[in-house]
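Down below is the structure, laid out as structure tokens.
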Amino acid sequence: MADSLHYEKGKADALHISGLLHLYLGNYAQSIPQLYQAFQIREKLGDSTGLGRSCNNLGLVYARDGKYPQALRWYQRSLDIRIQQGDSLGMVYTLLSLAEVHAQLTDMDKATHYAEEAMTYAGLIGDDRARALGYSIMGDLALQKGQLFEAKFNHNLALNIRSHLQDHYEKPRNLIALGEIARQTADYPTAKASLGKALSIALETKGLAWEIQAREALARLYADQAQYEQAYQMEIQAKAKEDSLHHIEESQRQSALEISYQLSFQQNQIDLLEEKQANQRLRIIGLLGVIALILLLGTLG
Numbered sequence: 014m015a016d017s018l019h020y021e022k023g024k025a026d027a028l029h030i031s032g033l034l035h036l037y038l039g040n041y042a043q044s045i046p047q048l049y050q051a052f053q054i055r056e057k058l059g060d061s062t063g064l065g066r067s068c069n070n071l072g073l074v075y076a077r078d079g080k081y082p083q084a085l086r087w088y089q090r091s092l093d094i095r096i097q098q099g100d101s102l103g104m105v106y107t108l109l110s111l112a113e114v115h116a117q118l119t120d121m122d123k124a125t126h127y128a129e130e131a132m133t134y135a136g137l138i139g140d141d142r143a144r145a146l147g148y149s150i151m152g153d154l155a156l157q158k159g160q161l162f163e164a165k166f167n168h169n170l171a172l173n174i175r176s177h178l179q180d181h182y183e184k185p186r187n188l189i190a191l192g193e194i195a196r197q198t199a200d201y202p203t204a205k206a207s208l209g210k211a212l213s214i215a216l217e218t219k220g221l222a223w224e225i226q227a228r229e230a231l232a233r234l235y236a237d238q239a240q241y242e243q244a245y246q247m248e249i250q251a252k253a254k255e256d257s258l259h260h261i262e263e264s265q266r267q268s269a270l271e272i273s274y275q276l277s278f279q280q281n282q283i284d285l286l287e288e289k290q291a292n293q294r295l296r297i298i299g300l301l302g303v304i305a306l307i308l309l310l311g312t313l314g
């Protein structure tokens with residue numbers, strides 16, 4: 014019995030890892046069934062910790078795929094599990110995920126509600142990375158609502174926390190937002206300085222997605238100032254980087270498919286071994302039954 018449970022848990026973990034590989038490389042059609050199968054096994058085993066992770070990652074893959082109603086259902090289930098477990102940190106990140114999905118659905122009231130709730134818990138447990146993410150989301154929500162002062166305030170708070178944590182990779186998110194706020198208020202020198210810094214950090218940290226966003230924002234800034242040549246050059250560079258990103262993602266997808274094939278092959282070998290062992294057990298039981306019958310007949314004789 015213990016061996017069977019260990020096998021099932023290992024199978025769920027292998028499916029979960031393979032599903033995550035496809036998730037982060039954009040292979041959503043391959044990711045969803047593997048993550049769901051891992052979820053089903055963990056549900057059968059009563060593995061609440063594993064279930065929370067499965068639900069959260071199913072929410073993430075649906076959100077990445079733009080299927081927001083399904084994402085909400087899985088995130089809500091993840092939140093329910095984390096509340097039952099008393100997992101405060103897990104609750105914070107799931108609440109922030111719910112906020113981002115509601116923002117994508119343009120339900121700003123619910124998005125703000127979940128973000129504020131997350132920030133309350135993040136403050137209680139003292140997790141600065143969660144607070145920085147929360148302030149970033151609050152800033153993005155305020156910017157979408159045209160509340161520029163509040164947006165600037167929140168993004169500056171997030172930027173200060175990330176500077177303290179030396180979390181350079183995520184800084185461009187806040188700097189790009191601050192540059193956009195300055196552009197909308199026609200504070201062009203501040204906008205150029207903020208976006209230039211975002212681009213510099215993105216290049217330093219090899220954050221290609223942030224680099225693309227920074228170049229696109231700079232193109233808008235130059236266009237606002239009738240600097241059309243610079244705007245055009247930035248647009249061309251952003252497009253070239255976007256093509257490069259797609260090429261990298263495609264290469265990574267091919268690598269993920271190879272790794273997934275290897276994992277599937279190994280899992281198949283495990284299944285075959287399990288089946289072979291089960292058949293051997295049945296043969297031994299049958300043999301023991303025959304021996305017992307012979308002994309019984311001998312006794313009766």
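Taken in order, the sequence shown gives residues 14 to 314; the numbers are from this note's numbering.
Ideal Cβ positions, reconstructed from N, Cα and C, are used throughout, including at glycine.
By the C-beta density criterion, Leu178 is exposed, having fewer than 16 other C-beta atoms within 10 angstroms. C-alpha of Val105 to C-alpha of Glu242: approximately 45 Å in a straight line. For Ala204, the enclosing alpha helix (DSSP H) stretches over residues 201-218.
Assigned with DSSP and collapsed to three states, Glu248 falls in helix. The distance from the Cβ of Ala232 to that of Ala251 is about 7 Å, consistent with a contact at the 8 Å cut-off. Note on geometry: alpha-carbon atoms of Gln238 and Ala190 lie some 19 Å from one another. Per DSSP, the continuous alpha helix (DSSP H) segment holding His126 begins and ends at 121-138. Rounded to the nearest whole angstrom, the C-alpha separation of Ala155 and Asp60 is 39 Å. Residue state for Thr198 is assigned as coil, using DSSP reduced to three classes.
Within the same chain, Cβ atoms closer than 7 Å to the Cβ of Leu170 are found at Tyr148, the five residues on either side in sequence being excluded. Annotation for Arg90: Cys68 place their beta carbon closer than 7 Å to its own, counting only its chain and skipping 5 residues before and after.
With a beta-carbon spacing of about 6 Å, Gly65 and Gly103 fall inside the 8 Å limit used to define contacts.
For Asp141, the uninterrupted alpha helix (DSSP H) run begins and ends at 141-157, by DSSP. For Phe162, the number of other beta carbons within 10 angstroms of its own is below 16, and it is reported as exposed.
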